[in-house]
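K.L.:
Before I ask anything, here is the structure I am working with.
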Amino acid sequence: MASASAPTSTTDHLSEYITLISSDNFTFIIRRSAANISGAIKRMLDPANGFRESKEGICRFDNINSLVLEKVCEYLYYNEKHQQSGGGGKDGGVPDMEIPPELCLELLMAADYLNV
131 MASASAPTST
141 TDHLSEYITL
151 ISSDNFTFII
161 RRSAANISGA
171 IKRMLDPANG
181 FRESKEGICR
191 FDNINSLVLE
201 KVCEYLYYNE
211 KHQQSGGGGK
221 DGGVPDMEIP
231 PELCLELLMA
241 ADYLNV
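With my numbering as the guide, the letters of the sequence shown map in order to residues 131 to 246.
This is how it looks when you write it as structure tokens:
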């Protein structure tokens with residue numbers, strides 16, 4: 131007979147928060163639900179894929195600096211907030227987020243890499 135406290139799925143033991151580390155070793159701790167907006171991070175953290183990141187809850191990005199990763203984290207929370215509130219942007223989607231012009235190219239490359 132199974133114990134009542136035994137996990138019923140692989141997601142029961144996963145932490146609510148995960149850690150992202152930039153190329154310059156800055157650490158960002160964010161909610162897993164926000165991080166999962168990124169297709170790449172979601173796949174890295176999925177236990178079924180068997181990646182080290184899924185066991186540690188830590189994703190290292192050697193090609194994304196802290197300024198860009200901070201904006202990525204900000205966007206992940208922004209996106210999560212607006213998805214939960216029903217959007218508010220054009221066509222009911224997530225409204226555009228203001229980003230500094232000097233970060234546009236790097237953010238575009240990071241967004242492509244992270245599948246955001």
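Positions of the beta carbon are idealized from the N, C-alpha and C atoms, including for glycine.
Where does residue 237 fall in DSSP's three states?
P.N.:
Of the three classes helix, strand and coil, the one that applies to residue 237 here is helix, per DSSP.
K.L.:
Can you name the residues that DSSP bridges to residue 147?
P.N.:
According to DSSP, which records beta bridges pairwise, residue 147 is partnered with 161.
K.L.:
Would you identify the three-state DSSP class for residue 229, choosing helix, strand or coil?
P.N.:
Correct three-state label for residue 229: coil.
K.L.:
Return the chain-ordered list of same chain residues with a C-beta closer than 7 Å to the C-beta of residue 157, the five sequence neighbours on each side being excluded.
P.N.:
If we look at residue 157 and ignore the five residues flanking it on each side, its Cβ neighbours are 149, 151.
K.L.:
Should residue 167 and residue 189 be called a contact, given that it needs their Cβ atoms to be closer than 8 Å?
P.N.:
No, the Cβ-Cβ distance between residue 167 and residue 189 is not below 8 Å.
K.L.:
Could you check if residue 288 is buried or exposed, using at least 16 other CB atoms within 10 Å of its CB as the buried criterion?
P.N.:
Here the chain has residues from 131 to 246 only, and residue 288 is not among them.
K.L.:
Using the rule of at least 16 other Cβ atoms within 10 Å of the residue's Cβ for burial, across every protein chain shown, is residue 164 buried or exposed?
P.N.:
By the neighbour-count rule (16 or more Cβ atoms within 10 Å), residue 164 is buried.
K.L.:
Compare the beta carbon distance of residue 245 and residue 187 with 8 Å and say whether it is the shorter of the two.
P.N.:
Going by C-beta atoms, residue 245 is not nearer than 8 Å to residue 187.
K.L.:
Mapping the DSSP letters down to three states, classify residue 138 as helix, strand or coil.
P.N.:
Because the pLDDT at residue 138 is just 40, under 50, the model does not fix this residue reliably, and the value given afterwards should be weighed accordingly. In this structure, residue 138 counts as coil in the three-state DSSP scheme.
K.L.:
Just the C-alpha distance for residue 192 and residue 145, rounded to the nearest angstrom, thanks.
P.N.:
So the alpha carbons of these two residues sit roughly 23 Å apart.
K.L.:
So which of 212, 235, 230, 233 has the shortest CA-CA distance to residue 224?
P.N.:
Residue 224 has its Cα closest to that of 212, out of 212, 235, 230, 233.
K.L.:
Express the C-alpha separation of residue 242 and residue 208 in angstroms, rounding to a whole number.
P.N.:
So the alpha carbons of these two residues sit roughly 18 Å apart.
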